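S.K.:
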Amino acid sequence: MKLYNTRMGLIDIKNISGDIRFSTDFNVGSIGRYSLGKEDYITLPFNVLTPINFKMGDYVDLSGILDKSLGGKFAKIYEVVDLPTPTYDQSTGGYNYELRLDAYYWKWKNKKFKYMPEVAGQEASWNLTASLDMQLGVFLRNLQALGYKYRGNDFDFSIDSSVEDSAKLMSYENTNLLDALTNMAETWNCEWWVEDNIIRFGRCENGDAVRIELGVEAQEMPRSESQGTYATRVYAFGSTRNIPSNYRPVDETVVVNGIVQKRLMLPEGTPYIDAYRYKDGKRVYIGEEGYDIGTEMPQEEAIEDIIFLDEVYPRTECVVGTVGSYTSTIEDEETQETVTQTFYYVTDTSGLVFDKSYIIDGEELRLVFQSGLLNGMDFGVTFHKAGTSLGSVTLESDVYEIVANDNYGRTLPDETLKPTTGDKFILYGWDSTKITDLGLVSNAEQELRDKTVDCVKKMMVDDGTYNTTLASSWVKENMISRTFDIGQRIELVNKSFFETSRISRVIGLEIKLDLPYDAPVYTIGESTAYSRIGELENKVDNLTYKGQTYTSGGRKGVYIIRTNDSTAPSNSNVFSALRSLAMFLRKDIADTANELITFLKGAEFGEFIDSLIAGKGAGIYPDGRGQFERLEVRGSAVFKEVIYNRLNAQEGDTSYSENGVIESVTLEEDGTYTLKLRKRWENDFTAFQEGDVVYGMVNKLFSTGEHYTSWVRVLSKNMAVNSISVLVYPDSEVPGGRNYPPTELMIITRRGNAINEDRQSYWYLSATTDKCLVWLEGVTKPVLEQNNYYMVLGRLPNLELFDNLPINYKHSYIFARAGIFGELYRVDWQGLPAQELVDRGFWSADVASSDNPYTNTQERADTVWHYGCKWKCLITGTTDEPKYAAAGWAMLEGNPEFTITIDSTKGWYFDIETFATTLFITGNLYNRDVTEHILDADVSWTRDTGNVSEDNAWAVKRAGAGKNLPLTTDDLGPNYTNMRVCTFKAQALLRDGQQFEVAENFVTF
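Mapping of the sequence shown onto the numbering used here: residues 21 to 1025, in sequence order.
1) Which runs of the alpha helix (DSSP H), 4 residues or longer, sit entirely within the segment 44 to 87?
2) Can you list the beta strand (DSSP E) stretches of 3 or more residues lying completely in the segment 663 to 740, in chain order?
3) Figure out for me which residue from ALA957, PHE159, SER111 and ASP153 has the closest Cα to the Cα of LYS134.
4) Could you give the first and the last residue of the continuous beta strand (DSSP E) run that contains CYS893?
5) Distance, Cα to Cα, LEU432 vs SER50?
6) Who are the Cβ neighbours of CYS224 in its own chain at under 7 Å, not counting the five residues just before and after it?
7) Would you report the Cα separation of TRP795 and LEU785, rounded to the nearest angstrom?
8) Could you give the residue range of the alpha helix (DSSP H) that holds MET241?
9) Look at the Cβ atom of PHE940, then the Cβ atom of LYS983, and state whether they are nearer than 7 Å.
10) Could you check whether the segment 440 to 457 touches the segment 379 to 398, counting it as contact only if at least three pairs of C-beta atoms, one from each stretch, sit closer than 8 Å?
11) Name the DSSP beta bridge partners of ASN463, please?
12) Leaving aside the five residues before and after ASN16 along the sequence, list all residues of the same chain whose C-beta is less than 8 Å from its C-beta, in chain order.
13) Express the C-alpha separation of MET397 and ARG430 in angstroms, rounding to a whole number.
14) Is the separation between the beta-carbon of PRO65 and that of GLU118 shorter than 7 Å?
15) With distance defined between alpha-carbon atoms, name the residue in ARG303, VAL68 and ARG963 nearest to TYR108.
16) Is the distance from the Cβ of TYR760 to the Cβ of ARG771 below 7 Å?
17) Would you mind working out which of ASN196, TYR809, GLU689 and SER924 sits nearest GLU143, comparing C-alpha positions?
18) Using DSSP bridges, identify the partner residues of VAL254.
19) Kindly indicate which three-state DSSP category GLY851 falls into: helix, strand or coil?
20) Can you grab the Cα-Cα spacing for the pair ASP60 / LEU198, in whole Å?
21) Should ILE640 and GLY622 be called a contact, given that it needs their Cβ atoms to be closer than 7 Å?
22) Residue ranges of each beta strand (DSSP E) run of no fewer than 3 residues wholly in the segment 169 to 208, ordered along the chain?
23) Out of curiosity, what's the CA-to-CA distance linking THR921 and PRO817?
24) With H, G and I counted as helix, E and B as strand and the rest as coil, what does DSSP make of VAL658?
25) Alpha carbon to alpha carbon, what distance is there between ALA295 and PRO11?
26) Between SER745 and VAL685, what straight-line distance do the alpha-carbon atoms span, to the nearest angstrom?
27) Taking three-plus beta-carbon pairs below 8 Å as touching, is the segment 257 to 265 in contact with the segment 451 to 461?
28) Below 8 Å on the Cβ atoms is my contact criterion, and I expect TRP146 with TYR192 to pass it. Report the Cβ-Cβ distance as a whole number of Å.
29) Whole angstroms is fine: what's the gap from ARG645's alpha carbon to GLU652's?
30) For the alpha helix (DSSP H) that contains ASN947, what are its first and last residues?
31) Short check: CB of THR349 to CB of THR358, under 7 Å?
32) Identify, in the order they occur along the chain, each residue of the same chain with its Cβ nearer than 6 Å to the Cβ of GLN1007, setting aside the five sequence neighbours on each side.
33) Just to confirm the assignment, what range does the beta strand (DSSP E) spanning ASN773 have?
34) Using C-beta distances below 6 Å, list every residue in its chain close to THR963, excluding the 5 sequence neighbours before and after it, in chain order.
35) DSSP state of ASN558, grouped into three classes?
36) Please classify SER37: is it buried, with 16 or more other beta-carbons within 10 angstroms of its beta-carbon, or exposed?
Structure, rendered in structure tokens:
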């Protein structure tokens, strides 16, 4: 059942039953936000005509939706945690939503953290002294009681080995589940985050640092001031446990108020810990070589702070030997009823010899279990010496009787939750200075110093944050690798803030879900001061031999190699899904390989069939053979041998001279250019020489195919870098009067040389402009002289030396300065022997009838000139005058156009009242009157008065007029006096038996 759906979109918002409540796209304004431990949500803006009844628990599942653009980031379930309220849009009459859906675990904020969630009337205010894994064990029980799972899996936790494994007191006062996680993280000085069904504790930091420089990868990098404590000198004090007042004389220069004298102090002679000292005038930071022998920082540089580490105190670990119990009848303080209760006591096998006199006045002796069923629980104890009677039992050894309490939801210990042999516990409330042999105080002081050093390393790092906006173009080039998860290490480069750079990490992000590459914003915060490489090496060792994380139930974790993490893969770690997307090629979507891939058995593309005749697709074989349908090469192709199946064809101009391809162009200060030439093989060096006249052409890549030419002269060459220095010719010294500078990828060739005669010859074949094969000699400059042309094969260039020759520049010729022929044959286009035409001058009737008439034989034919036309004799001895229709002559050259003129028998001035005349045509061909050869039937007349129907009727009526057209006023049209013009048009055909010529003319009245 579909509850509500205005349109099918990319994202389905479903109710708790999985039915679609509403669908929408990633509209403009859709964002995803994540801030470590603070927020994790998406916002979907949309507009609807009527409000939608969203409910708590409505959700979207983004898995698979953003895989292509973000590699699976935000691929989780988001739920309605707070009911949304739309705003009314007066302009559309609809409702605007900014629907916020929080990550699936964010609904935990609506549930209280209870100690015994399985029992009705659970206690929501309680204390627990226990290690972090014990605290989280209670947390998981809360989730299980609520029925919370993720994609069908129960939640679990993982604690990084860097988190201190110690018991701490936690107080929960009606605390919600999310705040409980935050309180735990703050207490154990770490961070928490959730990945799928795993709740992680540690430091959220991973991968190798990705360089982000302002103005390169980042377009903005503003700084937010530090919200934490920054200090370079720290005074530290431990707990008051197991220490008497004034256990050490008070140093008034150190102690600020009297309270601290009850606390554990740093070792003698170490009143504070400095972040750095000076050695040889340079700072040496704590932990670096030379720090211990350095001199203290000046007072002006000391930024002081005081810290209290209550978990550090003199202590020794005791071990439960035997567990005993006895019963006693007591009165219930609330009901006043008499009840029988069981009391438990334990012996200690650690070797600690205790005495009641060690208990500090005014304090209660207590113990905290460090393992077992009561791990983390804190109880009062009563110490009994051997021989003491407890109930009916006489003690054989010293024991610690546990004072029962109900701080943990019920009275403990009981028959179910009680100590067992081997459980460990720590006593406090006693004076540890009483037993000097154990060195408990000095050990605790050293522990305090070590922990203080760790704190100083963190406090000396400026924890300001940088809301860095990445450049959209940079992100778009590789969105999976250039969009980051929480914890990704970053090397920030910003000269405004850092001398060199700063290693930080991503602690927050905001990404536009409709355009994920569009200026994503990352909050980049402080990072650890110690070496990440060393830490990674330690983690690898731990993973290999000891395990890297602790999880509930004692299971060991597996180290995950994330994106931008250089940890070496082994049999003990795995790649994350995002790292896999970045490293391995996909089969289901288009993908890119960033490194060389070797195909040992070849490769096939498309539906490949191996055949030169009937094949398809493409294939490459292990022996190097390849087969393709079509191969296009944008740069250069190098072949050892080329075998043509049918045809070898090329276009453009081909130069048979030194040449090269410009790889880069540098304009020098003196106006010359340095051209670096591409090497076609390793030992390829340019053959250009000083003085060479060089030119190249490049296409402007316009749709019209325009191109331009660059002319330069070589000044010198540099063999080492395969470059030449050139001077560009001025416009006045190049063909066309316009020169251009050289450019990258231009192919250049030598045309001649300004000084070296041996380099002034040039062969070239032009298939585009000149359409000929040319041999040039004596070329010293770009503009050629006529004497440079030594041979031309093809269409001749338009040179003055050809002006007096009957040359058709559309025909091909052979021109050479000299020729040596064994035999020379002349044939026509049909392969027949060609006649030699002998010019006999102007035609003469006397010559025609003389003893030396005009002749035509197989070898020669006479030609004459008559009325401006050149005529060829067709019949020997003909006396016909050369003109149209003369059987003995054929016109070769002259005016071949057939024309007609129109005249009037009565001139061209008329009285409209008495208008009458006859129009007649005269035909001309070869500059002679040919009217007599025009048939009346081949002449047609038309009229144009603007009245199409009347004009057509007139033309039909006068269809047989012939060469003479009589006209009267009626022929001018019915409304001639109201019209401006009346046009008569004549068309004549001239037939010669094989073809006909057409001519037209008109007159207007």
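Note that the Cβ used here is the ideal one computed from N, Cα and C, for glycine as well.
This one's a predicted model, so the numbers in the text were calculated from it and none came from an experiment.
M.R.: By the coordinates alone:
1) Scanning the segment 44 to 87 from its first residue to its last, no whole alpha helix (DSSP H) run of 4-plus residues comes out.
2) Complete beta strand (DSSP E) runs here, min 3: 673 to 676, 679 to 687, 693 to 697, 712 to 719 and 727 to 738.
3) The candidate whose alpha carbon is nearest that of LYS134 is PHE159.
4) Annotation: the continuous beta strand (DSSP E) that includes CYS893 extends over 889 to 893.
5) Looking at the two C-alpha atoms, the distance is approximately 53 Å.
6) If we look at CYS224 and ignore the five residues flanking it on each side, its Cβ neighbours are LEU56, GLU211, TRP213, ILE506 and GLY507.
7) Those two C-alpha atoms are separated by around 9 Å.
8) No alpha helix (DSSP H) contains MET241, which DSSP labels as neither H nor E.
9) Cβ distance < 7 Å, so PHE940 and LYS983 count as in contact.
10) As far as the Cβ criterion goes, the segment 440 to 457 touches the segment 379 to 398, which means the pair count is three or higher.
11) Note: ASN463 sits in no beta bridge, so no partner.
12) Nothing can be reported for residue 16, as the shown portion of the chain is limited to 21 through 1025.
13) Approximately 12 Å between the Cα atoms of the pair.
14) Yes, these two residues count as a Cβ contact at 7 Å.
15) For TYR108, the nearest C-alpha among the options comes from VAL68.
16) Taking 7 Å as the Cβ cut-off, TYR760 and ARG771 do not qualify as a contacting pair.
17) Of ASN196, TYR809, GLU689 and SER924, the residue nearest in Cα terms is ASN196.
18) Paired residue(s): ILE293 and ASP325.
19) Coil.
20) Those two C-alpha atoms are separated by around 12 Å.
21) Going by C-beta atoms, ILE640 is nearer than 7 Å to GLY622.
22) Listed in chain order, they are 176 to 180 and 188 to 193.
23) When rounded, the distance between both Cα atoms is 40 Å.
24) If DSSP states are grouped into helix, strand and coil, VAL658 belongs with coil.
25) The structure shown has nothing for residue 11, since the chain only spans 21 to 1025.
26) Pairing SER745 with VAL685, the inter-Cα distance amounts to about 10 Å.
27) In this structure the segment 257 to 265 lies against the segment 451 to 461, because at least three pairs of beta carbons, one per stretch, are closer than 8 Å.
28) Right, the Cβ-Cβ distance comes to about 6 Å (below 8 Å), so this counts as a contact.
29) Taking the CA atoms as reference points, ARG645 sits about 17 Å from GLU652.
30) Going by DSSP, ASN947 is part of no alpha helix (DSSP H) at all; its letter is neither H nor E.
31) Closer than 7 Å, so yes.
32) Answer for GLN1007: SER960 and GLU1020, listed in chain order.
33) In the DSSP assignment, ASN773 falls within the beta strand (DSSP E) that extends over 767 to 773.
34) Sequence check: residue 963 is Arg here, not Thr. Excluding residues within five positions, the ones whose Cβ falls inside 6 Å are ASP971, TRP974 and PHE1004.
35) Only weak support exists for where ASN558 lies, its pLDDT of 30 falling under 50; the coordinates are left without a value.
36) Per the 10 Å Cβ criterion, exposed.
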